[in-house]
Every structure is written in C-alpha cells, then in structure tokens.
Amino acid sequence: MVEGNLLKMKSTLKEVVDYVLPVGSESIPLNELVGQRVKISYLGQINDIYDGSVIKKSYAQGYSYKNFISLARCDSCIVQPEKCHHHKGTCREPGWGEENCFVDHVVYLAVTSAVKVGITRRSQIPTRWIDQGAVKAIPLVIVKDRLTAGLIEVEMKSAFGDKTNWRKMLGGENELLDLTELREGVFDQFADLFDDHGAEEAHEGEITIDYPVKRYPEKIKSVVLDKNPVIDDVLCGIKGQYLIFEKSVFNVRNHQGYRIRLAA
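In my numbering, the protein residues as written are 47 to 310.
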C-alpha cells in the first residue's frame with residue numbers, strides 16, 4: 047500500500063509499453079498489476095503540481111487557478127501552437143518559452159482512434175505517441191520551433207484530423223493503415239507547405255506500439271475521483287494515460303496532484 051500525490055504515468059517503449067505510476071515519492075510498476083484487483087482511494091486533498099500548494103480545484107491537469115492563468119505551460123498556445131505570441135513580447139514566461147518552444151519539433155502522423163496529424167518536441171518521441179494511445183506513428187518533418195510546427199499542422203487538418211476519439215481508442219478500435227505509404231502521399235500533397243516553412247524531412251520509419259491490455263471494455267464509463275472517491279476493481283489494461291478496469295476507465299493525467307492511497 048502506498049500513499050501520495052498522483053502524477054501522470056511514465057512509459058518506456060518496449061515490445062509491450064512498460065508503465066510506472068508515480069505516487070508521492072514511490073514509483074509503482076503497473077504492468078505486473080494487470081489482471082489483479084487494484085484499489086485507489088482519494089484522500090480528499092489536491093496539491094498543485096507546480097508549487098505544491100493545497101487547492102480546492104485543479105485546472106489544466108494539476109494546477110491552481112493562479113498558476114493556470116500565469117504559467118506559459120498553461121496558456122492557450124500550448125493547445126493551439128499556431129497562436130504562439132512569444133515574438134510579440136507577451137509570453138507569460140519568456141525563458142520557459144525559449145527552452146520548450148524554440149527547440150526542434152516534429153510534425154507526425156499517428157493512428158489513435160483514426161489517423162491524425164500532430165506535433166511534439168523531438169525529445170518527446172515516443173512518449174507523446176504513447177500518451178495519446180497511438181498504435182502506430184511516423185514522423186514527417188522536423189522544424190526549429192513550436193509555432194512553425196503549429197502552422198503546418200493547421201494546414202494539414204484539411205486532410206487529417208488532429209483529435210483522438212478517446213472512447214474508440216480505449217475500445218481498441220483502430221484503422222489499420224500503412225503509414226509509410228500514407229507518408230509518401232503527404233509529401234506529394236504538402237511539399238510546397240513544407241518548403242515554405244523550411245521543414246526538414248524526418249527519416250525515422252513507422253513504429254508500432256503495443257499496450258499491456260488483457261481485455262478492452264465493452265462499455266466505456268469514465269470515472270473521476272471527485273464523484274467516485276474509491277475505485278476497487280480488476281485492472282484489465284493500460285493504454286495512453288488511462289487505467290482500464292472491468293467496470294470503468296480512469297484518466298491518470300487528469301488527476302495529477304490528487305492525493306490517493308493505492309493498494310493491490
């Protein structure tokens with residue numbers, strides 16, 4: 047039994063993704079718990095994941111309202127990178143922006159519930175794909191900053207969506223596509239766009255991602271600890287940032303900062 051504040055699951059790409067759940071100062075190996083009964087009890091306290099302060103409500107997956115409106119990592123341009131305003135001198139944290147947004151970013155295709163276009167820092171591959179529950183992914187191009195990647199992504203939405211249907215993803219419903227073949231068509235269709243933004247072709251190939259799931263749920267019911275403070279159920283699998291139980295699914299990342307007790 048362990049007790050502490052939740053953080054998002056850490057993952058390592060292996061033959062089957064290996065998951066670890068940070069709970070306070072402990073790191074709980076999760077793959078070995080698949081197939082076992084697990085009990086998660088919410089202890090009624092939330093701590094801001096940035097400064098540790100006790101908060102009544104969590105914003106942007108773990109922050110106080112004060113930090114939500116003041117930290118650059120919580121700004122709307124993180125979700126919509128094409129709206130980056132660092133160059134206007136209005137970034138909430140210019141130093142943080144330089145460290146995180148002015149580094150190599152990758153524009154990619156991934157199969158989550160369907161094929162989608164996305165962007166991420168180059169250093170976040172393959173973590174970003176695993177967090178989304180992608181079963182396949184392939185890099186397309188590399189650019190020098192987040193804004194440029196966002197501008198390319200916006201244009202590519204005419205051909206590919208940029209959202210994941212989490213219910214289909216957790217139901218194990220995926221389009222079986224050859225991303226290597228699809229990539230060739232992307233370069234034909236968007237060659238001018240890539241050239242206009244000085245994008246460099248990424249040469250890494252398609253990867254396939256397998257998750258530790260024994261059984262996908264027939265009916266998907268998402269639970270939140272605020273309304274359901276105790277989850278006591280058999281863990282059937284792990285995918286993306288979700289724990290898949292027999293009777294429900296639980297989004298770990300949405301509960302960052304929640305103080306819990308975990309028993310297995």
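Positions of the beta carbon are idealized from the N, C-alpha and C atoms, including for glycine.
Here the structure is a predicted model, which means the values were calculated and not measured.
Is residue 226 helix, strand or coil by DSSP?
For this step, residue 226 is matched to residue 180 along the sequence shown. Of the three classes helix, strand and coil, the one that applies to residue 226 here is helix, per DSSP.
Going by DSSP in three states, residue 277 sits in which element: helix, strand or coil?
For the purposes of this step, residue 277 is taken as the residue at position 231 of the sequence shown. Strand, per DSSP.
Determine the closest residue to residue 303 out of 204, 283, 70, 123, with distance taken between C-alpha atoms.
Taking the first residue of the sequence shown as position 1, residue 303 is located at position 257. Scanning 204, 283, 70, 123 for the CA closest to the CA of residue 303 turns up 70.
Own chain partners of residue 121 with C-beta closer than 7 Å, once the 5 adjacent residues on each side are dropped
Residue numbering aside, residue 121 sits at position 75 when the sequence shown is read from its first letter. If we look at residue 121 and ignore the five residues flanking it on each side, its Cβ neighbours are 138.
Rounded C-alpha distance that separates residue 205 from residue 91:
Counting from one through the sequence shown, the residue named residue 205 turns up at place 159. Counting from one through the sequence shown, the residue named residue 91 turns up at place 45. Rounded to whole angstroms, residue 205 to residue 91 spans 44 Å at the Cα level.
Tell me the DSSP bridge mates of residue 101?
Taking the sequence shown and counting its residues from 1, the one referred to as residue 101 is at position 55. For residue 101, which the question treats as bridged, DSSP gives the partners 92.
Coil, strand or helix - residue 269 by DSSP:
As a first step, residue 269 is located in the sequence shown; it is residue number 223 there, counting from the start. Coil at residue 269, not helix or strand.
Boundaries (first-last residue) of the beta strand (DSSP E) holding residue 297
Within the sequence shown, the letter at position 251 stands for residue 297. Bounds of the beta strand (DSSP E) holding residue 297 are 295-297.
CB-CB length for residue 163 against residue 203, believed under 8 Å
In the sequence shown, counting from the first residue as 1, residue 163 sits at position 117. In the sequence shown, counting from the first residue as 1, residue 203 sits at position 157. Between residue 163 and residue 203, the beta carbon gap of about 7 Å places them in contact (Cβ cut-off 8 Å).
C-alpha gap between residue 224 and residue 158, whole angstroms:
To locate residue 224, count along the sequence shown from 1; it is residue 178. To locate residue 158, count along the sequence shown from 1; it is residue 112. Distance between the alpha carbons of residue 224 and residue 158 is about 14 Å.
The stretch 288-304 / the stretch 252-267 touching (three or more Cβ pairs under 8 Å):
Of all C-beta pairs linking the stretch 288-304 to the stretch 252-267, three or more are shorter than 8 Å, placing the two stretches in contact.
How is the beta strand (DSSP E) around residue 64 delimited, first residue to last?
Start at 1 with the first residue of the sequence shown, and residue 64 comes out as number 18. Residues 64-69.
Please indicate yes or no: does the CB of residue 133 lie closer than 6 Å to some heavy atom of the ligand GTP?
As for the ligand GTP, it is missing from this structure, which has no ligand bound.
Can at least three beta-carbon pairs, one atom from the stretch 167-186 and one from the stretch 247-257, be found at a separation below 8 Å?
Yes, they touch.
In the DSSP assignment, find the unbroken alpha helix (DSSP H) run with residue 237 in it and report its ends.
Indexing the sequence shown from 1 puts residue 237 at position 191. Counting along the chain, the alpha helix (DSSP H) containing residue 237 begins and ends at 237-242.
Rounded to whole angstroms, what is the Cα-Cα separation between residue 185 and residue 245?
Numbered from 1 along the sequence shown, position 139 holds the residue referred to as residue 185. Numbered from 1 along the sequence shown, position 199 holds the residue referred to as residue 245. Roughly 12 Å separates the two Cα atoms.
Buried or exposed (CB count within 10 angstroms, at least 16 for buried), residue 209:
The residue you call residue 209 lines up with position 163 of the sequence shown. So residue 209 counts as exposed.
Does DSSP put residue 133 in a helix, a strand or coil?
Within the sequence shown, residue 133 is the residue found at index 87, counting from 1. Here DSSP, grouped into helix, strand and coil, assigns residue 133 to helix.
Run the CB neighbour count on residue 215, radius 10 Å, all protein chains shown included, and call it buried at 16 or more, exposed below.
In the sequence shown, the residue the question calls residue 215 occupies position 169. With 16 or more other Cβ atoms inside 10 Å of its own Cβ, residue 215 counts as buried.
Run through the DSSP bridge pairs and tell me what residue 156 is partnered with.
For the purposes of this step, residue 156 is identified with residue 110 of the sequence shown, where counting begins at 1. DSSP lists 162, 183 as partners of residue 156.
Going by the beta-carbon positions, is the gap between residue 183 and residue 156 smaller than 7 Å?
Stepping through the sequence shown from its first residue, residue 183 is reached at position 137. Stepping through the sequence shown from its first residue, residue 156 is reached at position 110. With respect to residue 156, residue 183 sits close: the two C-beta atoms are nearer than 7 Å.
Can you tell me whether residue 217 is helix, strand or coil according to DSSP?
What you label residue 217 is simply residue 171 of the sequence shown in a count that begins at 1. Correct three-state label for residue 217: coil.
From the DSSP output, read off the bridge partner residues of residue 189.
On the sequence shown, residue 189 is found 143 positions in, with the first residue counted as 1. In DSSP, residue 189 forms a bridge with 151.
For residue 114 and residue 127, I'd like the C-alpha separation in whole angstroms.
By 1-based counting over the sequence shown, the position of residue 114 is 68. By 1-based counting over the sequence shown, the position of residue 127 is 81. Going by the C-alpha atoms only, they are around 17 Å apart.
Give me, in chain order, the residues of the same chain whose beta-carbon lies closer than 7 Å to that of residue 129; leave out the 5 immediate sequence neighbours on both sides.
By one-based count along the sequence shown, residue 129 stands at place 83. Counting only residues of its own chain and dropping the five nearest sequence neighbours on each side, residue 129 has a CB closer than 7 Å to the CB of 122, 123.
How would you call residue 55, buried or exposed, if buried means at least 16 neighbouring beta carbons within 10 angstroms?
Within the sequence shown, residue 55 is the residue found at index 9, counting from 1. Looking at its Cβ environment, which holds 16 or more other Cβ atoms inside 10 Å, residue 55 is buried.
In whole angstroms, what separates the C-alpha of residue 251 from that of residue 269?
By 1-based counting over the sequence shown, the position of residue 251 is 205. By 1-based counting over the sequence shown, the position of residue 269 is 223. Each residue's Cα considered, the two are about 37 Å apart.
The beta strand (DSSP E) with residue 74 in it runs from where to where?
Start at 1 with the first residue of the sequence shown, and residue 74 comes out as number 28. Taken as a continuous stretch (DSSP letters only), the beta strand (DSSP E) holding residue 74 covers 72-75.
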